[in-house]
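So the sequence shown is numbered by the working numbering: it starts at 131 and just counts up by one. Beneath this line is the structure, given in structure tokens, with notes to follow.
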Amino acid sequence: MKKPFLLLPLLFLLLLGLLIWHPWRRDSPNPQVTTSAPPPSPSEAIPPAAAPPSLEPVYETKPASHDGIGKFYMGREISQVMGHEGIDWLERDNREAEEAPSEAIAALDLKPDAIIADIGAGSGYYTFRIAELVPDGQVIAVDIQPEMLAFIDAQEEELGLDNVTAHLGSVDDTQLDPESIDAALMVDAYHEFSHPREIMTSIVSALRPGGKVFLLEYRAEDPSVPIKGLHKMTQAQAIKEMEAVGLAWETTHDFLPWQHLMVFTKP
131 MKKPFLLLPL
141 LFLLLLGLLI
151 WHPWRRDSPN
161 PQVTTSAPPP
171 SPSEAIPPAA
181 APPSLEPVYE
191 TKPASHDGIG
201 KFYMGREISQ
211 VMGHEGIDWL
221 ERDNREAEEA
231 PSEAIAALDL
241 KPDAIIADIG
251 AGSGYYTFRI
261 AELVPDGQVI
271 AVDIQPEMLA
281 FIDAQEEELG
291 LDNVTAHLGS
301 VDDTQLDPES
311 IDAALMVDAY
321 HEFSHPREIM
331 TSIVSALRPG
341 GKVFLLEYRA
351 EDPSVPIKGL
361 HKMTQAQAIK
371 EMEAVGLAWE
381 TTHDFLPWQH
391 LMVFTKP
């Protein structure tokens, strides 16, 4: 008669075990049951991921030299800009004798249907001479000064050409369409660009694969070149800056009286 009383404690313990280990509990090890974990304490919080390195170019600001703007890029101080007031100097009669631009233009070796952008075209001195070599192509004269572009428009009308386009850019963008040009030319202008990395990035974007960049600058290696120091560039500096935007140096022509013509390629 005492056995039923002994079963009561056993039944109680069995029921308690079921309550503790039943799979409907939130802490059940059943892999099919998902639960929301409580937020970690401040000491257990996961630190935020490190921000990716900035892709913006790094410029330095220092006291400006006599002909500079006090802004430095890859160790080079950017020079002051020649404004539209300098058109007469760009169009001077003795420029061929001093710089032999006809020889530089011949070295570009352009196809008749090439599309080339003259970046920092100024008065269009090179623009119109190149236009003769690409009768089935186009020369896009890019400048940030409306006065320069107005001069180019007037010259184009006077010469009766139909393969020259005056194009307004900005200090940090050529505003050219992606993969729209075969080549880009910069004649004694690049050293004046206030945003060289951004401008070159936009040029690389505008170039078709295999496109060329022709960089014509006064030779800084030659102290006899009668040009102010900041308006010259060494080959080593030019290669460093062009490689920074993904261009590969191809060759340098040193047959001109004062300048070197450096050629770079977009892979």
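We put the CB at the ideal spot given by N, CA and C, even for glycine.
Check your understanding: Which of helix, strand or coil does DSSP assign to H361?
Key -> helix
Point to revise | Distance, D303 Cα to E226 Cα | key: 31 Å
Exercise for review: Taking only runs that begin and end inside the segment 310-354, name each unbroken beta strand (DSSP E) of 3 or more residues, in chain order.
Suggested key: The segment 310-354 contains these whole beta strand (DSSP E) runs: 311-317, 337-349.
Check your understanding: Taking the alpha-carbon positions, what's the L386 to L346 distance?
Key -> Cα to Cα, L386 sits roughly 10 Å from L346.
**Study point:** Close-in-space but distant-in-sequence residues of the same chain around L240 (CB under 6 Å, 5 per side omitted)
**Key:** L263, V264
Practice item. Classify M212 as helix, strand or coil using the three-state DSSP reduction. Key: DSSP places M212 in coil when its eight states are reduced to three.
Point to revise | Cβ-based neighbour list, D157, same chain, cut-off 7 Å, excluding 5 preceding and 5 following | key: The predicted position of D157 is uncertain, since its pLDDT is 40 and thus under 50; no value can be drawn from it.
Review point. Taking three-plus beta-carbon pairs below 8 Å as touching, is the segment 333-346 in contact with the segment 380-396?
Key: yes
Practice item. Mind checking which residues open and close the alpha helix (DSSP H) that includes Q285? Key: Unbroken alpha helix (DSSP H) run through Q285: 276-289.
Review point. With respect to the alpha helix (DSSP H) encompassing T257, which residues constitute its N-terminal and C-terminal limits?
Key: 255-261
Exercise for review: Consult DSSP for E373 and reduce its assignment to one of helix, strand or coil.
Suggested key: helix
**Study point:** Bridge partner(s) assigned by DSSP for I249
**Key:** When DSSP reads this structure, I249 sits in a beta bridge with V272, M316.
**Study point:** Close-in-space but distant-in-sequence residues of the same chain around I249 (CB under 6 Å, 5 per side omitted)
**Key:** V272, A314, M316
**Study point:** Residue burial classification, R222 (beta-carbon count within 10 angstroms, cutoff 16)
**Key:** exposed
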